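Quick note on numbering: the UniProt record's numbering labels position 114 of the sequence shown as 114, and the sequence is numbered without any gaps. Glycine included, every Cβ here is placed at the ideal spot set by N, Cα and C. On a predicted model such as this, the values are computed, not experimentally measured, just so you know.
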Amino acid sequence: MTLFETRSILFTILLLSFSLPIQAGEIVNLNWFSGVASVAGTVIGPLVDPNNDDVAGDSSNVFIVAQKHYTGIGPVDIEFDVVPSGGVNEYFVMEGVDNSTPWDWSSYRIVLGFGVGADFEESDPGDELDFDAPDYNSPPDFSLNFSTVDESEDVLLASGGIHSNTLGSSYAEYTFSFDVPDLPRGVTKFTLRQQPIAVPEPASVAIAGLTILAMLAWRRKGCMS
1 MTLFETRSIL FTILLLSFSL PIQAGEIVNL NWFSGVASVA GTVIGPLVDP
51 NNDDVAGDSS NVFIVAQKHY TGIGPVDIEF DVVPSGGVNE YFVMEGVDNS
101 TPWDWSSYRI VLGFGVGADF EESDPGDELD FDAPDYNSPP DFSLNFSTVD
151 ESEDVLLASG GIHSNTLGSS YAEYTFSFDV PDLPRGVTKF TLRQQPIAVP
201 EPASVAIAGL TILAMLAWRR KGCMS
């Protein structure tokens, strides 16, 4: 059992020890959709700090995914059921991500939106469903594998490193935060989409390079004729 899994179990026990009334605005349920991964050990903590938009540091409202196990490259959609509250709740997300694909990953992309699969659409700017915008004062942490995280309102892109598929180093802990507002009337769900980006195979890089050289040669020939 990894340290992260142990921490997740202990945190789950702590959350279950609370006897708090259900409050409007909290995430109340989830379903996940993917053809390339499995999701296990999900915990939606009680809304300890309701309507805490723009809290600095890690929020007391916690969502845990103990293991997201990828066997292929593609999106994993986690769709949340939400009840409006009249405010914005910030959630701290703790995930354990395992790369059991045939490829190392050069980056990892996370997007907020609506719908799943082919019907997924990125969230609109300014709708308050975001990755701790506009102050970004709850920094994401992908540092075990990636040195850089580009933060925008609805997209996180971790890069500057490698998430290996080598046995013994394929599992990593990622943390980040998102804000959940009252959704538009009639909308009760939103989606967290995540997808690894594989390191290009050497053959693919070589083919791309040859294609560029061929195009440059063709343009040069055209200019001389």
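Next item on the list: Determine which residues share a DSSP beta bridge with residue 242 and list them.
Entry: Past the boundaries of the shown model lies residue 242; the chain is included only from 1 to 225, so the question cannot be answered.
Margin query: I need the straight-line Cα distance from residue 27 to residue 51, nearest angstrom please.
Written below: 12 angstroms
Note to self: With distance defined between alpha-carbon atoms, name the residue in 130, 115, 186 nearest to residue 79.
What the structure shows: 115
Check: Ends of the beta strand (DSSP E) at residue 65?
Finding: 62 to 70
Margin query: Within 8 angstroms of any Cβ in chain B, is that where the Cβ of residue 127 sits?
Written below: The chain inventory of the structure shown lacks chain B, comprising one protein chain alone.
Notebook entry, point to check: Do you know whose CA, among 120, 118, 151, lies nearest residue 130's CA?
Noted result: 151
Checklist line | Cβ neighbours of residue 194 in the same chain (closer than 6 angstroms, five flanking residues each side left out) | finding: Here the set comprises 76, 110.
Next item on the list: Say whether the region 51 to 62 touches the region 88 to 95, bearing in mind that this needs 3 or more beta-carbon pairs closer than 8 angstroms, one atom from each stretch.
Entry: At 8 angstroms Cβ cutoff, the stretches touch.
Check: Counting along the chain, where does the beta strand (DSSP E) carrying residue 150 start and finish?
Finding: 146 to 151
Check: By how many angstroms is the C-alpha of residue 175 removed from the C-alpha of residue 23?
Finding: Because residue 23 carries a pLDDT of 38, less than 50, the predicted location of this residue cannot be relied on, and no value is offered for it.
Margin query: I'd like the list of long-range same chain contacts for residue 147, defined as Cβ closer than 7 angstroms, with 5 residues on each side in sequence excluded.
Written below: 160, 161
Next item on the list: Indicate, with yes or no, if the ligand ADP has a heavy atom lying under 7 angstroms from the CB of residue 73.
Entry: Among the components modelled here there is no ligand, and therefore nothing to report on the ligand ADP.
Note to self: Beta-carbon within less than 8 angstroms of residue 70's beta-carbon, same chain only, minus the 5 sequence neighbours each way: which residues are those?
What the structure shows: 36, 37, 76, 97, 98, 99, 100, 101, 196
Checklist line | Proximity of residue 54 and residue 135 at Cβ, strictly below 8 angstroms | finding: Cβ distance < 8 angstroms, so residue 54 and residue 135 count as in contact.
Note to self: Suppose the cutoff is 8 angstroms on Cβ atoms and the five residues either side in sequence are ignored; what does the same chain contact list for residue 125 look like?
What the structure shows: 153, 154
Notebook entry, point to check: How far does the beta strand (DSSP E) with residue 191 in it reach, from first residue to last?
Noted result: 189 to 198
Check: Secondary structure at residue 96, three-state DSSP: helix, strand or coil?
Finding: Correct three-state label for residue 96: strand.
Notebook entry, point to check: Which two residues bound the contiguous beta strand (DSSP E) that contains residue 42?
Noted result: 37 to 44
Margin query: Beta-carbon within less than 8 angstroms of residue 227's beta-carbon, same chain only, minus the 5 sequence neighbours each way: which residues are those?
Written below: Residue numbering for the chain in the displayed model covers 1 to 225; residue 227 lies beyond these limits and cannot be assessed.
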